[in-house]
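Participant: Residue 111 is where the sequence shown ends in full-length UniProt numbering, and the numbering goes up by one at each step. The structure that follows is given in the form of structure tokens.
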Amino acid sequence: MTFVTRLTLQSGDRAALDSIVEDIKATAERKGAALKGPHSHPPEKLSVPQSCRLHADDDRRFSSWEYTVFTRELEIHGHDNLARNVASQNFPDSVHIEAEVEQIHGAGRGN
């Protein structure tokens, strides 16, 4: 039975995101882990409206706050300890990480 750990990293700080992705790649190479990625998604531009006051009946607004979110995806095949260590690292507050683990059954095994 093999596990595939899919890591999705997101940040508005592209340099911090790319630095962390490079660290993960280097660690995987040192450990001999099978790594797919990083796969880059197109940057997502977001806009958040900002009210001038907290009153619900006040429609005055500041200009919207606009920012960009960058996303990278990596897959670690096998090497469960490496995947666990990477997913549990302390990342900067500017970087968000999600880990999804999928169990792959070998060929010829019935359920």
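Glycine is no exception: its CB is placed at the ideal position from the N, C-alpha and C atoms.
(1) Check whether the Cβ atoms of residue 63 and residue 48 lie closer than 8 Å to each other.
(2) Starting from residue 54 and walking both ways along the beta strand (DSSP E), at which residues does that stretch end?
(3) Under 8 Å by Cβ, that's how I've got residue 97 and residue 28 pegged, so tell me the actual separation to the nearest angstrom.
(4) Helix, strand or coil for residue 14? Go by DSSP, reduced to three states.
(5) What does DSSP give as the partner residue(s) for residue 61 in the beta ladder?
(6) Based on the DSSP secondary-structure assignment, which residues constitute the bridge partners of residue 104?
Facilitator: In this structure, then:
(1) As a position in the sequence shown, residue 63 is number 63, starting the count at 1. As a position in the sequence shown, residue 48 is number 48, starting the count at 1. Contact flag unset, no.
(2) Residue mapping note: residue 54 aligns to position 54 of the sequence shown, counting from 1. Here residue 54 belongs to no beta strand (DSSP E), and DSSP marks it neither H nor E.
(3) The sequence position of residue 97 within the sequence shown is 97, counting from 1. The sequence position of residue 28 within the sequence shown is 28, counting from 1. Contact flag wrong, Cβ pair sits at about 15 Å.
(4) What you label residue 14 is simply residue 14 of the sequence shown in a count that begins at 1. DSSP places residue 14 in the helix class (H, G or I) of the three-state scheme.
(5) Sequence index remark: in the sequence shown, residue 61 carries index 61 (1-based). In the DSSP assignment, the residues bridged to residue 61 are 51.
(6) As a working mapping, residue 104 is identified with position 104 in the sequence shown. Residue 104 has 2 as its beta-bridge partners, per DSSP.
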